[in-house]
Amino acid sequence: MSAVTIVGPDVPAAPEAGRRIRGRWNPPLVAGLVLFGLIVAAALCAPLLTSQDPIKQNLADALLAPGAKGHLLGTDALGRDVLARLLYGARVDLRVGVLAVISPFIIGSLVGLIAGWFGGWVDAVIGRIVDMVIAFPFLVLVIALVFAMGPGTTSIYTAITLVGWVAYCRIVRGQVLVAKEQEYAMAARASGLPTWRILLRHLLPNVVLQAIVFSMSDIVLTLLAIVTLGFLGLGVPPPTPDWGTMIQEGQQFILTKWYISTIPGLAVVITGLALALIADGIVEKANR
Amino acid sequence: MKYLLYILKRLVSLIPVLLGISFIVFFLIRLIPGDPAATLLGSHATPQAISELRSQMGLDKPLLSQYVTFLGHLLQGNLGYSYVYSSSVMDLVTISLPVTIWLLVSGTVFTLLIAVPLAVLAAARRNGIADNIIRAVPVVGLGLPAFWLGIMLILIFGLKLGWFPVAGYGASLADHLRGMVLPGVTIALTLSPILIRSLRASMIDVLSSDYIVTANSKGISTARVVLGHALRNAAVSSVTVLGVNLAYLTGSTLVVERVFSLPGIGQQMINSILGRDFPTVQGITLVFAIMVVVVNLLTDVTHAALDPRVKLA
């Protein structure tokens, strides 16, 4: 995502290249993994945790308060069970959020590797393209792209990839600039190994840590983007449950039925917290 | 003189970026599946109307000449024509842009009001209770959806307590100010965690430097050392952090305007998307990018003015 800068100063600017993830477990990492594990488990076990259908409407039971018979978290304006929609929505949002980070990660890291290693005009051309994409606010460009390509998950994946790779490219490029002056990189070059091998086998494992750390917060930002798209009516098409759509649908009942919007919002916050803890934990491990 | 030259150089370096932006925006319309002209006119358009619009838009000409035409229009301030609003896109932007700028200003002011005191407190009492609480804020704040936060603020401060209007922007200056509080706070709450982090880190950095040690040993009060000596230097690097993130958060005005029914360009963009009004979406996407470029420029220029160590050459 274009929010490269979201990575705060706690992230080591340029750790000694070659440092891998090691060391003991630390509290933020454990807490984050446990929390995220619980959320993923809840999403996967949705059919076991609720017998309600997240899509089935029942207007006779519309807008029931939490605790009503058979509806632990109440029902929405169409009489759909909020808990079921929350759990099945987690499946949709987490899947899209995690998957949508993979291709920008791969593409951005490879392009950054190439830009940093070859330098010169290759770097200049890639740098210009990065500048172009970064000039747009992430959300605005993603929304415009999704709009142009039409709604649906394919458009969301494509749009996030087209905008998101630049962050990874910048991070990896910066790391490569440092790493390529190191002895191991020079030795690999001097030994006459093919370039692709130097890049993928020697350099990549040493420069990818920063990209992995960023990808944790990037999942949060991507999740936010997806939820926001849902809120704006541009996300996963209805009636598929999605947290953003749920918040949007509850907004008109906010005074009397505040929980309809509040609950899915809290789900986003807690998921974000889990991933932020994991990211912090990885940074802490790497710094040790 | 050197400073003016720096600004001039910085302005020249914007030209390729602006060209790139126009290029991306130009290609947006090419992403629409099918015939752009048919999409623009809707499903009831006659084949004749479609072909007329095609030639009017230059869709029958080679791509490069289409881009040159598009660029020529942009340079004359022509962002296209909205068939939905029967108005030039430029007019739509001119009406709604001030609201968005108000929102950004309000967001920045509230961000500073929240972030600076908290960061100073955390850095001055490092590893104390306050510091530990304040350091936890960014972790929680990262996953906070701006639009949800807005709805919660509306619920608490607008509907339950009735302190602020829940929607709209009012007519008078007083109305504007009151109407901008909750949206501004919404932006501030999503932006300040990042700023607190960076300002705290640079404060700690500055507080351990020689001149602070000297100031302390001269017997100047802690408050004066922190506020008078350290904050000023720590603020310099935070200007950059604030600027870059403000540029990023420009995008979130889109959602905040939607939640608070503010008639800014973000709201206009969403309405145009829902109305499938392509030229307006295209034009506003461009305006958003230009806003980011301007914010970045102002950040660099401010940074250079505040910090004499920035190389002006």
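Going line by line, the protein sequences match chains P and C.
The opening residue of the first sequence carries number 1 in the UniProt record's numbering; numbering runs sequentially from there.
The opening residue of the second sequence carries number 1 in the UniProt record's numbering; numbering runs sequentially from there.
Backbone N, C-alpha and C define an ideal beta-carbon position, used for all residues, glycine too.
Nothing here was measured: the structure is a model prediction, and the numbers come from that model.
What's the call for residue i, buried or exposed, on a 16-neighbour Cβ count within 10 Å?
i, result
"Thr285(C)", "buried"
"Gly18(P)", "For Gly18(P), the predicted structure reports a pLDDT of 43, less than 50, and the residue's modelled location is therefore unreliable. The matter cannot be settled from this model."
"Ile154(C)", "buried"
"Trp25(P)", "exposed"
"Ile129(C)", "exposed"
"Leu227(C)", "exposed"
"Lys285(P)", "buried"
"Gly37(P)", "exposed"
"Trp163(C)", "exposed"
"Met291(C)", "buried"
"residue 337(C)", "There is simply no residue 337(C) to check, as chain C begins at 1 and stops at 313 in what is shown."
"Lys257(P)", "buried"
"Met246(P)", "buried"
"Gln48(C)", "exposed"
"Phe27(C)", "exposed"
"Glu16(P)", "The predicted model places Glu16(P) with a pLDDT of 45, which falls under 50 and marks its position as unreliable; any figure quoted below should be read in that light. By the 10 Å Cβ count, Glu16(P) comes out exposed."
"Pro28(P)", "buried"
"Ser272(C)", "buried"
"Ile21(P)", "Residue placement at Ile21(P) is flagged as unreliable, the pLDDT there being 46, under the threshold of 50; the coordinate-derived value follows with that caveat. Ile21(P) should be labelled exposed."
"His202(P)", "buried"
"Pro241(P)", "buried"
Can you check whether the C-beta of residue i is within less than 8 Å of a C-beta belonging to chain C?
i, result
"Trp258(P)", "yes"
"Thr5(P)", "Reliability fails at Thr5(P), whose pLDDT of 39 lies under 50, so the model's placement of it is uncertain and no value is given."
"Leu204(P)", "no"
"Leu35(P)", "no"
"Gln252(P)", "no"
"Thr75(P)", "no"
"Ser215(P)", "no"
"Pro66(P)", "no"
"Asp242(P)", "no"
"Ile247(P)", "yes"
"Asp280(P)", "yes"
"Gly272(P)", "yes"
Could you tell me whether any Cβ in chain P is nearer than 8 Å to the Cβ of residue i?
i, result
"Arg258(C)", "yes"
"Val139(C)", "yes"
"Ile129(C)", "no"
"Phe147(C)", "yes"
"Phe164(C)", "no"
"Phe288(C)", "yes"
"Val17(C)", "yes"
"Ile21(C)", "yes"
"Pro33(C)", "yes"
"Val84(C)", "no"
"Val255(C)", "yes"
"Ala313(C)", "Its pLDDT being 47, under 50, Ala313(C) is placed unreliably in this model, and the value from its coordinates should be taken loosely. Not one chain P Cβ lies under 8 Å of Ala313(C)."
"Val120(C)", "no"
"Ile50(C)", "no"
"Thr285(C)", "yes"
"Ile24(C)", "yes"
"Gly58(C)", "no"
"Leu28(C)", "yes"
"Gly80(C)", "no"
"Gly168(C)", "no"
"Leu142(C)", "yes"
Please confirm if residue i has its CB atom under 8 Å from at least one CB of chain B.
i, result
"Arg173(P)", "Although the question refers to chain B, the structure presented lacks it and instead comprises the protein chains P and C."
TODO: Jot down the residue ranges of each uninterrupted alpha helix (DSSP H) in the stretch 199-244 of chain C, minimum 4 residues, whole runs only, in chain order.
DONE: Unbroken alpha helix (DSSP H) runs of no fewer than 4 residues, entirely contained in the stretch 199-244 of chain C, are found at 210-217, following chain order.
Task: chain C contacts from the stretch 147-163 of chain P (Cβ-Cβ distance under 8 Å) - done: So the close ones are Phe147, Ala148, Met149, Gly150.
Task: the stretch 158-168 of chain C in contact with the stretch 68-85 of chain C per 3-pair CB rule at 8 Å - done: Taking a contact to require three or more Cβ pairs closer than 8 Å, the stretch 158-168 of chain C and the stretch 68-85 of chain C do not qualify as touching.
Task: Uninterrupted alpha helix (DSSP H) stretches inside the stretch 163-223 of chain P (no shorter than 4 residues) - done: With a minimum length of 4 residues, the continuous alpha helix (DSSP H) runs that stay inside the stretch 163-223 of chain P are 183-190.
- [ ] Could you name the residues of the stretch 289-303 of chain C whose beta carbon sits closer than 7 Å to any beta carbon of chain P, in the order they occur along the chain?
- [x] So the list reads Ala289, Val292, Val293, given in the order they occur along the chain.
Task: Contacting positions in the stretch 89-107 of chain P - beta carbon closer than 8 Å to chain C - done: Taking 8 Å as the cut-off between beta carbons, none of the residues of the stretch 89-107 of chain P comes near chain C.
Open item on the list: Could you check whether the stretch 182-190 of chain C touches the stretch 253-267 of chain C, counting it as contact only if at least three pairs of C-beta atoms, one from each stretch, sit closer than 8 Å?
Closed with: Because the criterion of three Cβ pairs below 8 Å is met, the stretch 182-190 of chain C and the stretch 253-267 of chain C touch.
Task: Within 8 Å of chain P by C-beta, residues of the stretch 222-256 of chain C in sequence order - done: In summary, the residues of the stretch 222-256 of chain C whose CB is separated from some CB of chain P by less than 8 Å are Val241, Val244, Asn245, Ala247, Tyr248, Leu249, Thr250, Gly251, Ser252, Leu254, Val255, in the order they occur in the chain.
Open item on the list: Would you call the stretch 181-193 of chain P in contact with the stretch 265-276 of chain P, where contact means no fewer than 3 C-beta pairs closer than 8 Å?
Closed with: Flag = no, the stretch 181-193 of chain P and the stretch 265-276 of chain P do not touch.
Open item on the list: Please list, in chain order, the residues of the stretch 147-161 of chain C that have any C-beta partner in chain P closer than 9 Å.
Closed with: Within the stretch 147-161 of chain C, those residues whose Cβ lies closer than 9 Å to any Cβ of chain P are, in chain order, Phe147, Trp148, Leu149, Ile151, Met152, Ile154, Leu155, Leu159, Lys160.
Open item on the list: Quick check on the DSSP output: what are the complete alpha helix (DSSP H) runs of length 4 or more inside the stretch 53-90 of chain C, in order along the chain?
Closed with: Here the runs fully enclosed are 63-75.
Open item on the list: Three Cβ pairs or more, each shorter than 8 Å: is that satisfied between the stretch 122-130 of chain P and the stretch 231-243 of chain C?
Closed with: With a cut-off of 8 Å, the stretch 231-243 of chain C and the stretch 122-130 of chain P do not count as touching, because too few Cβ pairs lie within range.
TODO: Please name the residues in the stretch 265-282 of chain C whose beta-carbon is closer than 7 Å to at least one beta-carbon of chain P, in chain order.
DONE: Taking 7 Å as the Cβ-Cβ cut-off against chain P, the residues of the stretch 265-282 of chain C that qualify are Ile270, Ile273, Leu274, Val281.
TODO: Just list the alpha helix (DSSP H) runs in the stretch 87-151 of chain P, keeping only unbroken ones of 4 residues or longer that don't cross its boundaries, in chain order.
DONE: Within the stretch 87-151 of chain P, complete alpha helix (DSSP H) segments of at least 4 residues are found at 120-134, 138-149, given in chain order.
Open item on the list: For the pair the stretch 16-25 of chain C and the stretch 186-201 of chain C, tell me if three or more CB-CB distances fall below 8 Å.
Closed with: With the cut-off at 8 Å, the stretch 16-25 of chain C and the stretch 186-201 of chain C do not touch.
Open item on the list: Quick check: the stretch 161-168 of chain P against the stretch 99-108 of chain P, are at least 3 beta-carbon pairs closer than 8 Å?
Closed with: Contact between the stretch 99-108 of chain P and the stretch 161-168 of chain P is present, because at least three Cβ pairs lie under 8 Å.
Open item on the list: Taking contact to mean 3 or more Cβ pairs, one atom from each stretch, closer than 8 Å, check whether the stretch 132-141 of chain C and the stretch 47-66 of chain C are in contact.
Closed with: No contact exists between the stretch 132-141 of chain C and the stretch 47-66 of chain C.
TODO: Anything in the stretch 209-235 of chain P with a Cβ closer than 9 Å to a Cβ of chain C? List those residues in chain order, please.
DONE: Residues Ser217, Val220, Leu221, Leu223, Leu224, Val227, Thr228, Phe231, Leu232, Gly233, Leu234.
TODO: Decide yes or no for the touch test of the stretch 213-228 of chain C against the stretch 101-119 of chain C: beta carbon pairs closer than 8 Å, at least 3 of them.
DONE: Judged by Cβ distances under 8 Å, the stretch 213-228 of chain C makes no contact with the stretch 101-119 of chain C, as fewer than three pairs qualify.
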